[in-house]
Amino acid sequence: MSQRKRSKGLGSSQTERHSQEQVNQKVSELVQFLLVKDQKKIPIKRADMLKNVIREYRDAYSEILNRAGRTLQQVFGLQLVEIDPKRHIFILINNLPRAQGEHLCRDKEKQKMGLLLIILSFIFMKGNSVKDSALWEFLHQLRVYPGKQHSVFGDVRKLVTEEFVRQK
Numbered sequence: 001m002s003q004r005k006r007s008k009g010l011g012s013s014q015t016e017r018h019s020q021e022q023v024n025q026k027v028s029e030l031v032q033f034l035l036v037k038d039q040k041k042i043p044i045k046r047a048d049m050l051k052n053v054i055r056e057y058r059d060a061y062s063e064i065l066n067r068a069g070r071t072l073q074q075v076f077g078l079q080l081v082e083i084d085p086k087r088h089i090f091i092l093i094n095n096l097p098r099a100q101g102e103h104l105c106r107d108k109e110k111q112k113m114g115l116l117l118i119i120l121s122f123i124f125m126k127g128n129s130v131k132d133s134a135l136w137e138f139l140h141q142l143r144v145y146p147g148k149q150h151s152v153f154g155d156v157r158k159l160v161t162e163e164f165v166r167q168k
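Counting along the sequence shown from 1, when you hit position 5 you're at 5 in full-length UniProt numbering, and nothing is skipped either side.
Here's what the structure looks like:
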C-alpha cells in the first residue's frame, strides 16, 4: 500500500470515530464560543478553542473549524480570519455591507434588532427549539434579566414574549 493511501485512510478513520451528529454539535458550540469572544472583542486563540470547546475531538479540529467558519459566513456574515498564524490567533470580521441613508434604523430599534439576532442565533444553534428557561438562562449570562427594567430594552420579558413573538 502506498504512503498516500495509508495517510488518506488514517485521516478518514479519525473523523469517522465521531458521529456526524457529535461533530455538528461541536460546530454549533464553536460558533457560539466564537460569537461570545467576538462580542467581548477578544482575539480568539486556537488553544482556547481546543481547551474550551473541541476537547476530545482534536482529531476533527480542522473539519469543525472549517464548518464553523462557513456557518459564521452564511448565517452571520462574519469571516473567521487567522491574524497570527504562528500563535494561531483568530478574529471575526463583519462582511455585511453597511446600510446608508434612510435605511438605517433608529438607535433604539437597532439595539432591539441586535437582541433579537442574538436570541434567534441562540435558538438556531440549539436546533431551532429551546425551552423558555434555557433562553432566560442564556440572556442572564448576557446580563439581560427578565424581571428587571433594562436601561436599553426596558421590560425584557415583555419585549421578548410580546413584541418579538408578534414579529413572526
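A virtual CB, placed ideally from N, CA and C, is assigned to each residue, including glycine.
message: Beta-carbon within less than 6 Å of V130's beta-carbon, same chain only, minus the 5 sequence neighbours each way: which residues are those?
response: I123
field: Three-state class that DSSP yields for residue 169 in the structure shown
entry: Since the first residue of the chain shown is 1 and the last is 168, residue 169 is not available in this structure.
query: Hey, D164 and L116 are a contact pair by Cβ (cut 8 Å); roughly how many whole angstroms apart?
result: Here residue 164 is Phe; the residue named in the question, Asp, does not match the sequence. Right, the Cβ-Cβ distance comes to about 6 Å (below 8 Å), so this counts as a contact.
message: Restricting to Cα atoms, I'd like to know which of R46, I93, K112 and K148 is closest to K86.
response: R46
- request: May I ask which residues mark the beginning and end of the beta strand (DSSP E) holding E82?
  value: L78 to D84
query: By the 10 Å Cβ neighbour count, where 16 or more other Cβ atoms means buried, how is V152 classified, buried or exposed?
result: exposed
- prompt: DSSP state of K45, grouped into three classes?
  reply: strand
task: Determine which residues share a DSSP beta bridge with H150 and list them.
output: G154
- prompt: Since L92 is in the alpha helix (DSSP H), which residue starts that stretch and which ends it?
  reply: Premise fails: L92 lies in the beta strand (DSSP E), I89 to N94, not in any alpha helix (DSSP H).
query: What distance in whole Å lies between the Cβ atoms of L72 and L96, which are believed to be in contact at a cut-off of 8 Å?
result: About 12 Å separates the two Cβ atoms, so there is no contact after all.
task: Starting from the Cα of E56, find the closest Cα among R157, Q79 and Q22 and give me that residue.
output: Q22
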